[in-house]
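One structure is given below, encoded as structure tokens.
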Amino acid sequence: MANVLRTSAPAATPAPGAARLEMPEEGFVDSEPASAPPRDIPANTRIARSTWLVSLMFGVAALALFLIRIDIPRDIHFDEVFYVPAARAILEGSLKMDPGEPPMGKLLMAAGIMIAGDNPWGWRLPSAFCGALTLVAVYLWTGLLMGDSRIAFMAAGLTLFNNFLFVNSRIGMMDVFLGLFIFWGLLAYTAALKLELSGAWRRMLLCVSGFLMGLAGACKWNALDSLAALLAVSLVVPWLSKRLPARQEWSGTQFAENLRQVGAPCLLFGLIVLPAVAYTCVYWILFRSVHLPFGTHQFAEMNYSMWRYHVADTIPRGVVRAWYQWPFMVTPMRVFCYLLGNPVVMWGGVAGIFYCLWRAGRQLRVFEGLVALLYLANLLQWAVTPTRVAQYYYYYPAAMFLGVALAISLSSLPPRALGIRVAPAVLLMAALVFLWCYPRMTHAGPPWDCLFGCWS
């Protein structure tokens, strides 16, 4: 792969309290002539223009892939039976909709129907666009987190081929909207606390991150787990930095300094108050859309109804899969586009999570620890969530971090084994398995459904 990211010349003396970000040879930053006028954001820490170009290429390629045969099946499929009528109700000025999820994703689906019509394209077009934007965020976030374009490229490629993103980007359901706001929120959070910025920019980006996490929660309550992981990291890293010997080198030193520059009041406002504000604003928009007054009583009643719905909801036992079975599933979810995570990414990603945990525990690597924490938070929450329903596609938010973890672990291996380049070989295997799954995931009819062999 060509060098898609460029390093910059060393910056002038940084502003007080701003730690300088050291990048490897292929840094995730851009450069400008020394004569360029000063900016609030130093030129040497802005994401490179070529990086944006590569991310755009990923987004366009993913969108094209998601749109192929997106109108198949031509009727309402799987849980669209809940969300398509809800989107129609919003357009009709009614709140008569299922109480299963908050309204953000339903509002986006209503916008799709308004643009493309009340048909499969209208139901699913927002999902395709949000899935493509999610992949862009995965690429940018991984590159910024690890400071290496090659790891970012691998993470985005593995995420594209992990089957979960593909299936959820081609159906009118809520998980892809949840993932969109989570990953863009992670990108804003990481930029705020890793780049060399002024205090004002750092605080603004942190607030943007919290607001996006609130929008994620307005798609599905599961976003609370990712937000809790960010809060935990934001509190533990500064605490730990004060207790390590001053001479000990640690990747979290700069992270902790930048968190102190943000300040505790802004941190709590950005990651606690603003998510609640964003969540509430979505309900205000919903009530405005249906021309009804918005009040605290209606807001509380709708959220209580959601809680009661999930606690009491039951589905046929044949569809339920316990959360601890998800990482190593070998049987596709036939009723939902034959969903089965790509074993190359799913199983290799779990190994990558263990590697990230090892690096975090033994070498105190903050960024690898953050990836592992986000995966575990999104998986283990199902061990305590009071719901009777647990389906395999609920694994989507956690599974989205497996490609990142696998890419990180591959970067630590020797580049070649038996004369074969390891990372490209793994990406190729993931692509081949994805191709084998492709006909069934796109509802291809005979004989195309078994073009590369039939699933058991």
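Everything in the sequence shown is counted per my numbering, starting at 1 for the first residue and increasing by one.
Glycine is no exception: its CB is placed at the ideal position from the N, C-alpha and C atoms.
Small disclaimer: the values here were computed from a predicted structure and weren't measured.
### Query
Given a threshold of 16 other Cβ atoms within 10 Å of its Cβ, counted over all protein chains shown, does Lys106 qualify as buried or as exposed?
As a position in the sequence shown, residue 106 is number 106, starting the count at 1. Buried.
### Neighbour-count burial assignment, Gly361, 16 or more Cβ in a 10 Å radius
Within the sequence shown, residue 361 is the residue found at index 361, counting from 1. Exposed, by the Cβ-count rule.
### Task
State the DSSP-derived secondary structure class of Arg170, mapped to helix, strand or coil.
Mapped onto the sequence shown, residue 170 falls at position 170. If DSSP states are grouped into helix, strand and coil, Arg170 belongs with coil.
### Message
Measuring straight from C-alpha to C-alpha, what distance separates Tyr283 and Phe255?
### Response
The count along the sequence shown starts at 1 and reaches residue 283 at position 283. The count along the sequence shown starts at 1 and reaches residue 255 at position 255. Taking the straight line from one Cα to the other gives about 35 Å.
### Same chain only: Cβ atoms within 8 Å of Gly252, ignoring 5 sequence neighbours per side
The residue given as residue 252 occupies position 252 in the sequence shown. Around Gly252: Val237, Leu240, Ser241, Leu364, Val366.
### Query
Would the beta-carbon of Met173 fall within 9 Å of that of Asp75?
Position 173 of the sequence shown, counted from the first residue, corresponds to residue 173. Position 75 of the sequence shown, counted from the first residue, corresponds to residue 75. Not closer than 9 Å, so no.
### Task
From the DSSP output, in three-state form, read off Met97 for me.
Your numbering for residue 97 matches position 97 in the sequence shown. If DSSP states are grouped into helix, strand and coil, Met97 belongs with coil.
### Task
Let me know the secondary structure DSSP gives Ile70 once reduced to three states.
As a working note, residue 70 is residue 70 in the sequence shown. Reduced to three states, the DSSP call for Ile70 is coil.
### Task
Assign Leu413 to one of three DSSP states: helix, strand, or coil.
Looking up residue 413 in the sequence shown gives position 413. Note: Leu413 maps to coil in three-state DSSP.
### Message
For Phe287 and Asp98, what's the separation of their Cα atoms in angstroms?
### Response
For this step, residue 287 is matched to residue 287 along the sequence shown. For this step, residue 98 is matched to residue 98 along the sequence shown. Distance between the alpha carbons of Phe287 and Asp98: 15 Å.
### Query
Looking only at its own chain, which residues have a Cβ that is under 7 Å from the Cβ of Arg457, when we skip the five neighbours before and after it?
Any answer about residue 457 is impossible in this case: the structure gives the chain only from 1 up to 456.
### Query
Taking the C-alpha atoms as reference points, what is the distance between Met109 and Phe299?
Counting from 1 along the sequence shown, the entry for residue 109 is found at position 109. Counting from 1 along the sequence shown, the entry for residue 299 is found at position 299. One C-alpha to the other measures close to 21 Å.
### Query
Is Phe177 closer than 9 Å to Ser226 when the C-beta atoms are compared?
The sequence position of residue 226 within the sequence shown is 226, counting from 1. The sequence position of residue 177 within the sequence shown is 177, counting from 1. In this structure, Phe177 does not lie closer than 9 Å to Ser226 by Cβ.
### Query
Would a check of beta-carbon distances place Met306 closer than 9 Å to chain D?
No chain D appears in the structure shown, which is made up of a single protein chain.
### Message
At the level of alpha carbons, what is the spacing between Asp118 and Leu91?
### Response
Residue 118 sits at position 118 when you count from the first residue of the sequence shown. Residue 91 sits at position 91 when you count from the first residue of the sequence shown. When rounded, the separation of the alpha-carbon atoms in Asp118 and Leu91 is 10 Å.
### Query
Which runs of the alpha helix (DSSP H) spanning at least 4 residues fall entirely within the segment 250-296, listed in chain order?
252-262, 264-268, 274-289
### Query
Nearest to Phe401 by CA position, among Pro414, Met114, Asn258, Thr134, is which residue?
The count along the sequence shown starts at 1 and reaches residue 401 at position 401. Out of Pro414, Met114, Asn258, Thr134, Thr134 has the C-alpha closest to the C-alpha of Phe401.
### Query
What residue does the alpha helix (DSSP H) around Cys219 start on, and which one ends it?
Indexing the sequence shown from 1 puts residue 219 at position 219. Element bounds for Cys219: n/a, residue is neither H nor E.
### Message
Given a cut-off of 9 Å on the beta-carbon distance, is the pair Val404 and Thr159 in contact?
### Response
As a working mapping, residue 404 is identified with position 404 in the sequence shown. As a working mapping, residue 159 is identified with position 159 in the sequence shown. A contact, by the Cβ cut-off of 9 Å.
#### Entry: Pair within 9 Å by beta-carbon distance, Leu193 and Met213
On the sequence shown, residue 193 is found 193 positions in, with the first residue counted as 1. On the sequence shown, residue 213 is found 213 positions in, with the first residue counted as 1. No. Outside cutoff.
### Message
If contacts are defined as beta-carbon pairs under 8 Å, then Gly352 and Ile408 qualify, I think. What distance do you get, rounded to the angstrom?
### Response
As a first step, residue 352 is located in the sequence shown; it is residue number 352 there, counting from the start. As a first step, residue 408 is located in the sequence shown; it is residue number 408 there, counting from the start. So it is a contact: roughly 6 Å between Cβ atoms.
### Task
For the alpha helix (DSSP H) containing Ser458, list its first residue and its last residue.
Residue 458 cannot be examined here, being either before or after the span of the chain that is shown, 1 to 456.
### Query
Between the Cα of Arg260 and the Cα atoms of Ala276, Ala223, His297, Gly199, which residue gives the shortest distance?
Locating residue 260 in the sequence shown gives position 260, counting from the first residue. Looking at the Cα atoms, Gly199 is the closest of the given residues.
### Task
Using only alpha-carbon positions, find the residue among Tyr375, Ala423, Leu418 that is nearest to Ser412.
In the sequence shown, the residue the question calls residue 412 occupies position 412. Put simply, of Tyr375, Ala423, Leu418 the residue whose alpha carbon is nearest the alpha carbon of Ser412 is Ala423.
### Message
Are the CB atoms of Leu180 and Ala216 within a distance shorter than 9 Å?
### Response
Reading the sequence shown from its first residue, position 216 is the one you call residue 216. Reading the sequence shown from its first residue, position 180 is the one you call residue 180. Yes, they are a contact pair.
### Query
With burial defined as no fewer than 16 other Cβ atoms inside 10 Å of the residue's Cβ, what is the status of Leu275: buried or exposed?
Numbered from 1 along the sequence shown, position 275 holds the residue referred to as residue 275. The amino acid at residue 275 is misidentified as Leu; the sequence shows Pro. A residue is called buried once 16 or more other Cβ atoms fall within 10 Å of its Cβ, and Pro275 is buried on that count.
### Closest by C-alpha distance to Leu140, when choosing among Met104, Phe183, Ile113, Asn162
Indexing the sequence shown from 1 puts residue 140 at position 140. Checked all of Met104, Phe183, Ile113, Asn162; the closest Cα to Leu140 is Phe183.
### Query
Since Ile76 is in the alpha helix (DSSP H), which residue starts that stretch and which ends it?
Within the sequence shown, numbered from 1, the residue matching residue 76 stands at position 76. Unbroken run through Ile76: none, as it is neither H nor E.
### Query
By Cβ distance, which residues of its chain are closer than 8 Å to Ile72, with the 5 residues on each side in sequence left out?
As a first step, residue 72 is located in the sequence shown; it is residue number 72 there, counting from the start. Here the set comprises Pro120, Thr442, His443.
### Task
Could you say which of Arg88, Cys450, Glu101, Val384 lies nearest to Trp221 if we only look at CA atoms?
Residue mapping note: residue 221 aligns to position 221 of the sequence shown, counting from 1. Closest by alpha carbon: Glu101.
### Message
I need the DSSP call for Met333, collapsed to helix, strand or coil.
### Response
Position 333 of the sequence shown, counted from the start, is the residue given in the question as residue 333. Three-state result, Met333: strand.
### Query
From Phe328, Ala132, Ile68, Val344, pick the residue whose C-alpha is nearest to that of Leu379; which is it?
Counting from 1 along the sequence shown, the entry for residue 379 is found at position 379. The option with the nearest alpha carbon to Leu379 is Phe328.
### Message
For a test of the three-state rule: what should DSSP assign to Arg49, helix, strand or coil?
### Response
Along the sequence shown, read from residue 1 onward, the residue named residue 49 stands at position 49. In the structure shown, Arg49 sits in a helix (DSSP, three-state: H, G or I).
### Task
Tell me whether Trp448 is buried or exposed, calling it buried when 16 or more other Cβ atoms sit within 10 Å of its Cβ.
By one-based count along the sequence shown, residue 448 stands at place 448. It counts as exposed.
### Query
To which residues does DSSP link Ile420 through a beta bridge?
Within the sequence shown, the letter at position 420 stands for residue 420. Partner(s): Ala417.
### Task
Assign Phe354 to buried or exposed, taking buried as 16 or more other Cβ atoms, counted over all protein chains shown, within 10 Å of its Cβ.
For this step, residue 354 is matched to residue 354 along the sequence shown. Exposed, by the Cβ-count rule.
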